[in-house]
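K.L.:
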Amino acid sequence: MNVRTALVLLALALATIFALVCVLLTRGRAPSACLHQPPAQEDPDGGQSLVFADLTPAELAQVVRYLQGHLGLRLVDAAHAKPSDNCIASVELQVPAKAEVLRFLDGAGARPPREALAVLYFGEQPDPNVTEYVVGPLPTPAYHRDVTVRRYGGKVPYHRRPTLAVEYKQLAGFLKSQVFPAAPSFMRQVMEYDGGSLAALTAAPRGFQSGDRITWFALFQNVSGFFVHPVGLEVLVDHSSLDISRWAVSRVFYNGQYYRDMVQLESAYVQGRISVEKVRRAPRDGDFSSMKPRAPSAALFPLQYEPQGPRYSVRNNHVLYQAWSFAFGMSVSTGLRLFDIRHKGERVAYEISIQEAMSVYGSNCPGGMSTRYMDGSFGIGRYTSPLVRGVDCPYLATYLDVHFLAHSQVPQVSKSAICIFEQNLGSPLRRHYSNLQSLYYGGLVNSALVVRSIATVGNYDYVWDFLFYQNGAIEGKVQATGYASSSFFHGDGLRYGNRLWEHTLGTIHTHFINYKVDLDVGGVKNSLVAHDMAFEVVRAPWNPEQQIERPRLTKKVLDTEDQAAFRLQAKMPRYIYFAANSKNKWGHQRGYRIQVISSAGDHVPEASSMERAISWARYQLAVTRRKEEEPTSTSIYNQNDPWTPTVAFADFINNETITNEDLVAWITAGFLHIPHSEDIPNTVTVGNSVGFLLRPYNYYDLDPSIYSQDGVFFTSEQDFTACEVNPVACLPQTASCLPNFPPFTYDGFQNM
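Numbers given in this note's numbering equal positions in the sequence shown, counted from 1, plus 4.
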């Protein structure tokens with residue numbers, strides 16, 4: 005090759021490289037940042053929703069100071085209180101009476117005074133009791149009134165009080181200083197106990213009759229995911245005395261055998277009279293129970309972003325999304341709750357709230373077989389956990405803090421404990437492809453607004469969602485995850501679950517969730533109507549010799565509370581709806597249908613001595629007259645005295661008429677969980693989800709989502725690649741932008 009040819013080839017190569025660089029620089033230019041546009045509609049709330057807002061840290065502190073100065077009693081910080089002390093157990097918003105709120109919201113009445121509900125434990129009294137006070141007005145309290153007798157018919161006995169965090173610390177100290185040292189050889193040689201290597205998990209309720217405060221504590225290896233590391237030792241502690249020095253061991257259980265106390269267990273061990281099943285010491289990360297990924301990170305999972313910014317707004321505790329608006333709050337005991345839910349400006353529901361989450365366990369170990377957890381007593385709202393951006397909720401969701409006061413006289417904060425986001429559910433809300441007669445496609449993206457909190461109560465994590473759809477439907481949903489509770493595997497354990505590891509029995513249990521749904525359909529006064537289907541046999545009009553089994557519509561107005569109480573296993577009409585006193589364009593009563601999504605079985609036999617405390621779980625749906633004196637289906641005091649329940653839901657149902665009245669639906673959803681090997685390391689949400697839907701039923705003249713701006717429609721005769729015809733065709737231009745991902749932060753390990 006001569007020099008001239010080489011130079012020509014080199015020049016061509018350089019020209020090619022230059023052209024390629026130009027193309028790459030042009031085409032590879034980074035897209036611009038997404039431009040956030042404010043939501044199109046203005047929020048007309050004007051601060052009215054603050055009537056439902058949680059108390060601020062300043063208000064909580066004001067209530068504490070007021071009580072300390074006006075009760076004439078010595079109040080000890082609940083974080084350090086002994087059972088024999090007086091203390092403030094919790095403070096939260098006292099929601100005003102509905103009639104008073106509606107007069108204010110609908111323009112005719114004054115703003116109700118802002119008040120707090122304070123729960124106090126009076127242990128330092130001749131007659132120890134629990135007392136509830138309403139304190140107000142905030143922000144500068146000037147009065148308090150005892151509402152205990154009015155609410156419950158009398159003082160709340162002291163043994164019913166929910167267990168404070170400090171009492172669990174005192175019980176742990178009792179086990180460490182008094183119980184374990186009574187069996188030194190057994191604890192050292194069998195348990196390999198070193199003073200911190202065991203964790204205790206409480207059972208509840210605490211005994212067999214009113215007045216008992218006797219609790220089984222199951223022992224586990226103190227490692228990550230300790231819930232699935234039982235060691236076979238369980239201790240029954242009588243802590244009914246207000247004097248901690250008088251607490252005592254009532255029974256001890258080890259590997260299938262019961263002992264009078266730890267001294268007897270030690271003696272039997274030293275004499276070689278017990279069957280020892282030594283558990284291999286697990287590493288601190290828990291080994292098989294560790295949630296640390298077993299695989300390295302690879303390609304990034306799909307992410308969700310909003311090309312033009314959020315299409316919803318959050319101002320204080322008020323949310324506006326397309327045709328929806330509502331207020332939200334967080335109860336210390338019951339968790340997430342919504343108020344004044346409106347669609348297209350008209351109130352659909354006054355309140356939608358969680359009431360209770362209950363689990364009933366089976367086992368051949370005493371702690372497991374006696375457990376019936378009622379999580380409201382522990383505090384569904386109190387245990388609402390900080391959310392991890394990008395996992396618990398979409399990365400770009402709106403995250404909100406929750407302030408509360410419980411088990412301490414100092415207000416606390418759970419950072420990023422509520423998230424709100426719009427979610428593209430990945431399927432059409434409705435669609436049709438027409439290839440008969442005319443040729444067209446019509447569809448609507450199924451985007452919904454989600455409000456979420458996650459409560460971690462002991463071993464379980466409950467993902468609480470409320471979803472708002474463009475067709476006017478509302479969904480309440482809970483997904484269960486976290487760790488399965490377990491017992492020590494021995495004897496006939498396989499009658500009560502599956503073996504999950506060498507010494508781990510995943511114990512069979514149920515989940516029952518109760519909701520309160522106060523629908524106001526076309527006004528406060530509603531009736532309950534049932535529609536269903538029945539077959540009728542008729543002769544074919546055109547051929548009388550032949551018969552047709554024809555479905556027909558059945559209709560029934562449910563006049564009384566007894567007719568509207570549907571037992572778990574009873575057949576319930578498939579369409580049940582709250583009917584308004586107004587009609588739509590086609591002459592039908594406007595309504596909202598209640599659809600329960602559940603696979604709940606029996607809660608407990610009704611003959612059980614504690615069944616009345618959870619009698620809400622008898623019913624998949626019960627509709628009652630709304631009463632201010634029946635604000636909740638249960639009580640935080642039912643857990644520790646289910647034998648004489650402070651609130652028995654069964655008493656709400658007394659055959660009162662429910663025609664043209666202010667009504668409340670109490671919805672129960674649940675499922676059975678038989679833990680299996682795939683629950684190791686912990687339980688997944690898939691398949692462990694239940695809840696309910698509220699769906700418009702002749703409420704509108706047509707589907708309101710037809711007015712959504714997300715609709716897509718084009719015919720065979722149109723240019724469906726043109727933006728003005730099909731907005732989806734414009735996505736390469738309108739959605740090709742870089743979302744602004746804020747730096748990852750997490751405050752879940754602060755102030756523990």
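Where a beta carbon is used, it is the ideal one built from N, C-alpha and C, also for glycine.
(1) Using DSSP's beta-bridge definition, name the partner residues of residue 4.
(2) Kindly indicate if chain D contains any beta-carbon less than 8 Å away from that of residue 312.
(3) Could you give the first and the last residue of the continuous beta strand (DSSP E) run that contains residue 433?
(4) According to DSSP, is residue 31 helix, strand or coil?
(5) What would DSSP say about residue 540, mapped onto helix, strand or coil?
(6) For residue 24, which three-state DSSP category applies?
(7) Just to confirm my understanding: we take residue 339, look at its own chain, exclude 5 residues before and 5 after, and list those with CB closer than 7 Å. What are they?
(8) Taking the alpha carbon of residue 602 as the reference point, which residue from 530, 642 and 696 has its own alpha carbon closest?
(9) What's the gap between the Cα of residue 119 and the Cα of residue 87?
(10) Shortest alpha-carbon distance to residue 137 belongs to which of 523, 390 and 95?
(11) Since residue 742 contacts residue 38 with CB under 8 Å, what's their CB separation in whole angstroms?
(12) Counting only runs of 3+ residues fully inside the region 591-629, write out the beta strand (DSSP E) ranges in chain order.
(13) Where do the ends of the alpha helix (DSSP H) carrying residue 145 lie?
(14) Could you check the C-alpha separation between residue 590 and residue 701 for me, to the nearest Å?
(15) Whole angstroms is fine: what's the gap from residue 226's alpha carbon to residue 217's?
(16) May I ask which residues mark the beginning and end of the beta strand (DSSP E) holding residue 486?
(17) Ordered along the chain, which non-local residues of its own chain (more than five positions away) have a Cβ less than 8 Å from that of residue 751?
(18) Taking 6 Å as the limit between beta carbons, can you name the residues of its chain near residue 554, skipping five residues before and five after?
(19) Closest to residue 185 by CA distance: which of 721, 608 and 270 is it?
(20) According to DSSP, is residue 550 part of a helix, a strand, or is it coil?
(21) What is the residue span of the beta strand (DSSP E) that residue 4 lies within?
(22) Closer than 8 Å by C-beta to residue 680: which residues in its own chain qualify, once you throw out the five before and the five after it? Chain order, please.
(23) Classify residue 522 as buried or exposed, calling it buried when 16 or more other Cβ atoms lie within 10 Å of its own Cβ.
(24) CA-CA distance, residue 647 and residue 619?
(25) Could you tell me the alpha carbon to alpha carbon distance between residue 581 and residue 399, rounded to whole angstroms?
(26) Compare the C-alpha of residue 406 against each of 335, 397, 440 and 436 and name the closest.
(27) Start and end of the alpha helix (DSSP H) containing residue 545?
(28) Taking 8 Å as the cut-off, does the region 43-58 touch the region 315-330 (at least 3 CB pairs, one atom from each stretch)?
(29) Within its chain, find whatever has a CB closer than 7 Å to the CB of residue 133; leave out the 5 residues flanking it on each side and keep chain order.
(30) Going straight from the alpha carbon of residue 561 to that of residue 538, what length do you get?
(31) Does the region 707-724 come within contact of the region 350-367, defined as at least 3 CB pairs closer than 8 Å?
(32) Spell out the partners DSSP gives residue 695 in its beta bridges.
(33) Let's see if you can read the secondary structure: which residues bound the beta strand (DSSP E) around residue 97?
(34) Verify whether the separation of the beta carbon atoms of residue 404 and residue 422 is less than 8 Å.
(35) Applying the 10 Å Cβ sphere with the 16-neighbour rule, what's the burial state of residue 302?
(36) Can you tell me whether DSSP reads residue 173 as helix, strand or coil?
P.N.:
For this structure:
(1) The displayed coordinates of the chain run from 5 to 756. Any statement about residue 4 would go beyond what the structure contains.
(2) The chain inventory of the structure shown lacks chain D, comprising one protein chain alone.
(3) Looking up residue 433 in the sequence shown gives position 429. That run of the beta strand (DSSP E) goes 416-438.
(4) Residue mapping note: residue 31 aligns to position 27 of the sequence shown, counting from 1. Since pLDDT at residue 31 reaches only 47, below the 50 mark, its modelled position is unreliable, and no value is offered.
(5) As a first step, residue 540 is located in the sequence shown; it is residue number 536 there, counting from the start. Strand, per DSSP.
(6) The residue you call residue 24 lines up with position 20 of the sequence shown. The predicted position of residue 24 is uncertain, since its pLDDT is 48 and thus under 50; a value taken from the coordinates is nonetheless stated next. Residue state, collapsed to three classes: helix.
(7) Here the question's residue 339 lines up with position 335 in the sequence shown. Excluding positions up to five away in sequence, the list reads 358, 384, 385, 388, 457, 459 and 468.
(8) Residue mapping note: residue 602 aligns to position 598 of the sequence shown, counting from 1. Taking only the C-alpha atoms, the option nearest residue 602 is 696.
(9) On the sequence shown, position 115 is the one that residue 119 refers to. On the sequence shown, position 83 is the one that residue 87 refers to. Answer to the nearest angstrom: the Cα atoms are 28 Å apart.
(10) Taking the sequence shown and counting its residues from 1, one reaches residue 137 at position 133. Residue 137 has its Cα closest to that of 95, out of 523, 390 and 95.
(11) Taking the sequence shown and counting its residues from 1, the one referred to as residue 742 is at position 738. Taking the sequence shown and counting its residues from 1, the one referred to as residue 38 is at position 34. The Cβ separation is near 6 Å, so the contact holds.
(12) 593-601 and 623-629
(13) Against the sequence shown, residue 145 aligns to sequence position 141. No alpha helix (DSSP H) contains residue 145, which DSSP labels as neither H nor E.
(14) On the sequence shown, residue 590 is found 586 positions in, with the first residue counted as 1. On the sequence shown, residue 701 is found 697 positions in, with the first residue counted as 1. So the two alpha carbons sit approximately 12 Å from each other.
(15) Here residue 226 refers to the residue found at position 222 of the sequence shown. Here residue 217 refers to the residue found at position 213 of the sequence shown. Each residue's alpha carbon lies about 25 Å from the other.
(16) Against the sequence shown, residue 486 aligns to sequence position 482. Counting along the chain, the beta strand (DSSP E) containing residue 486 begins and ends at 478-486.
(17) On the sequence shown, residue 751 is found 747 positions in, with the first residue counted as 1. 390, 419 and 420.
(18) As a first step, residue 554 must be located in the sequence shown, where it is residue number 550. Correct list, in chain order: 540 and 542.
(19) The sequence position of residue 185 within the sequence shown is 181, counting from 1. For the residues 721, 608 and 270, the minimum Cα distance to residue 185 belongs to 270.
(20) If you number the sequence shown from 1, residue 550 lands on position 546. If DSSP states are grouped into helix, strand and coil, residue 550 belongs with the strands.
(21) The shown model of the chain, from 5 to 756, leaves out residue 4, and the question about it has no answer.
(22) Stepping through the sequence shown from its first residue, residue 680 is reached at position 676. Closer than 8 Å at Cβ, skipping near neighbours: 502, 504 and 510.
(23) Indexing the sequence shown from 1 puts residue 522 at position 518. By the neighbour-count rule (16 or more Cβ atoms within 10 Å), residue 522 is buried.
(24) Within the sequence shown, residue 647 is the residue found at index 643, counting from 1. Within the sequence shown, residue 619 is the residue found at index 615, counting from 1. Taking the straight line joining both Cα atoms gives about 12 Å.
(25) As a first step, residue 581 is located in the sequence shown; it is residue number 577 there, counting from the start. As a first step, residue 399 is located in the sequence shown; it is residue number 395 there, counting from the start. Distance between the alpha carbons of residue 581 and residue 399: 37 Å.
(26) Your numbering for residue 406 matches position 402 in the sequence shown. For the residues 335, 397, 440 and 436, the minimum Cα distance to residue 406 belongs to 335.
(27) Mapped onto the sequence shown, residue 545 falls at position 541. Element bounds for residue 545: n/a, residue is neither H nor E.
(28) yes
(29) Taking the first residue of the sequence shown as 1, we reach residue 133 at position 129. Counting only Cβ-Cβ distances below 7 Å, and skipping sequence neighbours, we find 126, 159, 160, 161 and 162.
(30) The residue labelled residue 561 in the question sits at position 557 within the sequence shown. The residue labelled residue 538 in the question sits at position 534 within the sequence shown. Straight-line Cα distance between these residues: approximately 16 Å.
(31) no
(32) As a working note, residue 695 is residue 691 in the sequence shown. 481 and 601.
(33) Residue numbering aside, residue 97 sits at position 93 when the sequence shown is read from its first letter. Per DSSP, residue 97 belongs to the beta strand (DSSP E) from 90-98.
(34) Here residue 404 corresponds to residue number 400 of the sequence shown, with the count starting at 1. Here residue 422 corresponds to residue number 418 of the sequence shown, with the count starting at 1. It is a contact, given that the beta carbons lie within the stated cut-off.
(35) The residue labelled residue 302 in the question sits at position 298 within the sequence shown. It counts as exposed.
(36) Taking the first residue of the sequence shown as position 1, residue 173 is located at position 169. Reduced to three states, the DSSP call for residue 173 is helix.
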